[in-house]
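Written out as structure tokens, the structure is:
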């Protein structure tokens, strides 16, 4: 993130320009269904890919319903990675067409392409 990051007491409220996060409390399939739910998202891209040698989905979608971290009208671009059945995201959120959003999507692509997982 080009701006200074202040880590809040409640880590669930942390936001940065590009984020890597996981949610071991749900399955990958449940996260994929939620991220592509047509009542909450206008899905622009939904492409199967491989990230870190793992199955993943590249998703770009604009929030239509608004949820925590994704206000209505904001667009999420990211890779939803299936980490042994649990979801992990490499993502950015912004305004479709905005120069900062476009630059951040390039950073997300770079992280997805250049990251590795060690045993």
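Numbering (the working numbering), first residue to last: 3 to 121. All residues carry an ideal CB built from backbone N, CA and C; glycine is no exception.
Residue state for residue 84 is assigned as strand, using DSSP reduced to three classes. If you check the CB distance, residue 37 and residue 61 come in under 8 Å.
In this structure, residue 30 lies near residue 88, with their beta-carbon atoms less than 8 Å apart. 55 is the residue among 80, 55, 73 whose C-alpha sits nearest the C-alpha of residue 118. DSSP places residue 7 in no beta strand (DSSP E); its state is neither H nor E. By alpha-carbon distance to residue 72, the top candidate from 27, 98, 58 is 98. DSSP places residue 104 in the uninterrupted alpha helix (DSSP H) bounded by 101–116.
By the beta-carbon neighbour count (other beta carbons within 10 angstroms, threshold 16), residue 78 is buried. For residue 24, the enclosing beta strand (DSSP E) has its first and last residue at 21–24.
When beta bridges are read from the DSSP output, residue 48 appears opposite 61. Sixteen is the threshold: since fewer than 16 other Cβ atoms of the shown chains lie within 10 Å of the Cβ of residue 112, the residue is exposed. Comparing alpha-carbon positions, the option among 109, 24, 42 lying closest to residue 85 turns out to be 24. Annotated three-state conformation of residue 54 is coil, per DSSP.
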